Structure formats: structure tokens, C-alpha cells
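Peer 1:
Residue numbers (this note's numbering): 13 to 135.
The following block contains the structure:
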């Protein structure tokens, strides 16, 4: 930010430092508070085969775009398989779990409100 004005920003996700997240997963914050984003955080997660999140919920919605791999979204309503190209909408307070069911890394983009930037419950 410069004088209260937010400037456009282009980043290559492969150049963003990833941090360990849970057992074997990696997280990259593409845009967040540090980058001057005023409303949302954009994160990229890489989850190894067999990995995933714990069964959890948040008090905010989030959107997920699957970039590579495949997995299953588990919820109170049952399980739904997804693959690269799938877009997932998870409402606020919805109990859910994402699991990598494939043989390659699962990579997904996850958008949340800024207050959820550091949230996610990777195993």
C-alpha cells in the first residue's frame, strides 16, 4: 500500500516461499494482509498422497479451486470426489474434511476472508 492506495500485484506462485503445514503439507500465501490485500487471502496448499485436513469447520465461507490431483470432500451430507478443475464452495460453519485420494500431490487454491488467512486444519 502506498498512501492508502492499493497497487496491482502479479506474483509467480512457484517463487513464493512455502511453509510446512501439518504432516507433509505445504502452504503459500499468495496474497494476504502482508501484501496489502484488504478483504481476502489467497493461499495455495500442496498435500501429499494420503494427506488432508482434520474434520473441522470455520465461522466463514471459503472457496477452493483444485489445480492438480484428486481427492474427496467429506461432510455431514456425505462424500464427494473432486479432481483438477473442480471448484468447491464450503459455507460458514459447515463441518468438512478434504483428503488427497490420488497418487500425486493435491494442489488447491483456497480463498478466505483475511481473518482466516492462517486457518486450516491440515493433519
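In this text, a Cβ means the ideal position worked out from N, Cα and C, and glycines have one as well. Given the structure is predicted, the values throughout are model-derived calculations rather than measurements.
(1) Short of 7 Å in beta carbon distance, which residues of its chain neighbour residue 106, apart from the five on each side in sequence? Order them along the chain.
(2) Just mark residue 24 as buried or exposed, buried being the case when its beta carbon has 16 or more other beta carbons within 10 Å.
(3) By Cβ distance below 6 Å, which residues in the same chain neighbour residue 98 in space, the five residues on each side in sequence not counted?
(4) Applying the criterion that 16 or more other CB atoms from any shown protein chain within 10 Å of the CB defines a buried residue, is residue 91 buried or exposed?
(5) Could you pull the DSSP bridge partners for residue 20 from this structure?
Peer 2: According to the data block:
(1) For the purposes of this step, residue 106 is taken as residue 94 along the chain shown, with counting starting at 1. Counting only Cβ-Cβ distances below 7 Å, and skipping sequence neighbours, we find 69, 87.
(2) The count along the chain shown starts at 1 and reaches residue 24 at position 12. Exposed is the call here.
(3) Translated into the one-based positions of the chain shown, residue 98 becomes position 86. Excluding sequence neighbours, residue 98 sits near 78.
(4) As a first step, residue 91 is located in the chain shown; it is residue number 79 there, counting from the start. The residue in question, residue 91, is exposed, as its Cβ has fewer than 16 Cβ neighbours within 10 Å.
(5) As a first step, residue 20 is located in the chain shown; it is residue number 8 there, counting from the start. According to DSSP, residue 20 bridges with nothing at all.
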